[in-house]
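Q: To start, I am sharing the structure in question, which I have written as C-alpha cells.
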Amino acid sequence: GSRIFYERNFLMQCRSSPLAK
Amino acid sequence: PPRPPPKPGPGENPLQYNYGFWYSRKSQGNKSASYDQNLKLIGTFASVEQFWRHYCHIARPGDLTGHTDYHLFKEGIRPMWEDNANKNGGKWIIRLKKGLASRCWENLILAMLGEQFMVGEEICGAVISIRYSEDILSLWNRTASDGVTTSRIRDTLKRILNLPPNTIMEYKTHGDSLKDNSSF
Numbered sequence: 003g004s005r006i007f008y009e010r011n012f013l014m015q016c017r018s019s020p021l022a023k
Numbered sequence: 004p005p006r007p008p009p010k011p012g013p014g015e016n017p018l019q020y021n022y023g024f025w026y027s028r029k030s031q032g033n034k035s036a037s038y039d040q041n042l043k044l045i046g047t048f049a050s051v052e053q054f055w056r057h058y059c060h061i062a063r064p065g066d067l068t069g070h071t072d073y074h075l076f077k078e079g080i081r082p083m084w085e086d087n088a089n090k091n092g093g094k095w096i097i098r099l100k101k102g103l104a105s106r107c108w109e110n111l112i113l114a115m116l117g118e119q120f121m122v123g124e125e126i127c128g129a130v131i132s133i134r135y136s137e138d139i140l141s142l143w144n145r146t147a148s149d150g151v152t153t154s155r156i157r158d159t160l161k162r163i164l165n166l167p168p169n170t171i172m173e174y175k176t177h178g179d180s181l182k183d184n185s186s187f
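Order-wise, the sequence lines are chains A and B.
By the numbering used here, the letter at position 7 of the first sequence is numbered 9, and the numbering carries on one by one without gaps.
By the numbering used here, the letter at position 3 of the second sequence is numbered 6, and the numbering carries on one by one without gaps.
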C-alpha cells in the first residue's frame with residue numbers, strides 16, 4: 003500500500019494543534 | 004502485561020509506523036547495571052499529534068547533562084544491537100559540536116517520522132547521545148551490507164541536518180560494535 007509521508011513544515015504546523023496539547 | 008499498541012485518535016494524522024521513546028542514563032552509582040537495565044521506555048505513539056504530546060514533555064537533549072541517551076525506535080524494535088531487527092544492521096554516526104544536539108535531534112526525528120529517507124522498512128530508529136565533550140547523533144538501519152541504502156541514508160542525513168561539510172560521519176555495523184563492545 004502507499005506510504006505516509008510528511009514534510010517537516012507540516013509536522014511543525016501540527017505542533018500547535020489543540021490535539022497535540 | 005504489555006500495554007496495547009497506541010492508535011491514532013479521531014482527527015489525528017497517523018504515522019507510517021508506531022514509535023517508542025526510550026531513555027538511558029549511565030548512573031554514577033551503579034556502574035555494573037547492564038545497558039538493558041539502564042534502558043527505560045518513556046512511551047509509544049501512533050500519530051503526529053501524539054508524538055508532539057510526548058516530545059513537548061521531554062527535556063531537550065541540549066539541556067541534559069551527564070552521560071544520557073534518547074532513543075526513538077519503531078515499535079517492536081528495542082534500541083539494542085542484539086534485537087532481531089538490528090542484528091544484521093548498522094548505524095550512521097554523526098559527531099556534533101556542543102550546542103547542536105537539540106536542533107539536529109529534532110530535524111532527524113521529524114525526517115524519520117515523515118518517512119523522508121525513502122528506504123522502505125530499513126530505518127530502525129535514531130539515538131542522540133549526550134556526552135561531556137561532544138554529542139553523537141546516530142541513525143540505525145536493518146541491513147549494513149546494503150550499500151545503496153546506507154548511501155541514500157547518508158545523503159538524506161546531510162540534506163536534513165545541514166551541517167558543515169567537515170562534519171565527521173561514519174558508518175559502523177552493530178557486529179563491529181558487539182565485537183569491540185563500543186558504540187562509537
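Backbone N, C-alpha and C fix where the C-beta goes; we use that ideal spot for every residue, glycine too.
Here the structure is a predicted model, which is why all the values come from computation and not from measurement.
Find the residues of chain A that neighbour residue 52/B, judging by a C-beta separation of less than 7 Å, and give them in chain order.
A: In chain order: 16, 19, 21, 22.
Q: Can you tell me where the beta strand (DSSP E) with residue 2/B in it begins and where it stops?
A: Because chain B is modelled from 4 through 187, residue 2/B falls outside the range shown and cannot be assessed.
Q: Cβ closer than 7 Å: which chain A residues qualify as neighbours of residue 17/B?
A: Per Cβ cutoff of 7 Å: 6.
Q: Which class does residue 159/B belong to by DSSP, given the choice of helix, strand or coil?
A: Helix at residue 159/B.
Q: Which of the three DSSP states, helix, strand or coil, is assigned to residue 107/B?
A: Helix.
Q: When the Cα of residue 51/B is compared with those of 40/B, 153/B, 108/B, 117/B, which residue comes out closest?
A: The shortest C-alpha separation from residue 51/B is found at 117/B.
Q: Taking residue 27/B and residue 42/B to be in contact with their CB atoms under 8 Å, please state how far apart those CB atoms are, rounded to whole angstroms.
A: Between residue 42/B and residue 27/B the Cβ distance is about 5 Å, and since that is below 8 Å, they are a contact.
Q: Kindly say whether residue 42/B, judged by its beta-carbon, lies nearer than 8 Å to any beta-carbon of chain A.
A: No, its Cβ sits nowhere closer than 8 Å to a Cβ of chain A.
Q: Using only the alpha-carbon positions, how far apart do residue 174/B and residue 165/B sit?
A: If I take the Cα positions, the gap works out to 18 Å.
Q: Opposite residue 75/B in the DSSP bridges: which residues?
A: DSSP, once it has assigned bridges, lists 24/B, 129/B as partnering residue 75/B.
Q: Among 177/B, 168/B, 58/B, whose alpha-carbon lies nearest the alpha-carbon of residue 2/B?
A: As displayed, chain B neither begins before 4 nor continues past 187, which places residue 2/B out of reach and without an answer.
Q: By the 10 Å Cβ neighbour count, where 16 or more other Cβ atoms means buried, how is residue 144/B classified, buried or exposed?
A: Burial call: buried.
Q: Could you tell me if residue 24/B is buried or exposed, where buried requires 16 or more neighbouring beta carbons within 10 angstroms of its beta carbon?
A: So residue 24/B ends up on the buried side.
Q: Residues of chain A with a CB under 7 Å from the CB of residue 55/B: which are they?
A: Going along chain A in sequence order, the residues near residue 55/B (Cβ under 7 Å) are 16, 17, 22.
Q: Beta strand (DSSP E) containing residue 55/B: first to last residue?
A: Residue 55/B -> not in any beta strand (DSSP E); alpha helix (DSSP H) instead, spanning 51-58.
Q: Using DSSP's beta-bridge definition, name the partner residues of residue 6/A.
A: Its beta-bridge partners do not exist; DSSP assigns none.
Q: Pairing CB atoms from the stretch 146-161 of chain B with CB atoms from the stretch 54-70 of chain B, are three or more of them under 8 Å?
A: Judged by Cβ distances under 8 Å, the stretch 146-161 of chain B makes no contact with the stretch 54-70 of chain B, as fewer than three pairs qualify.
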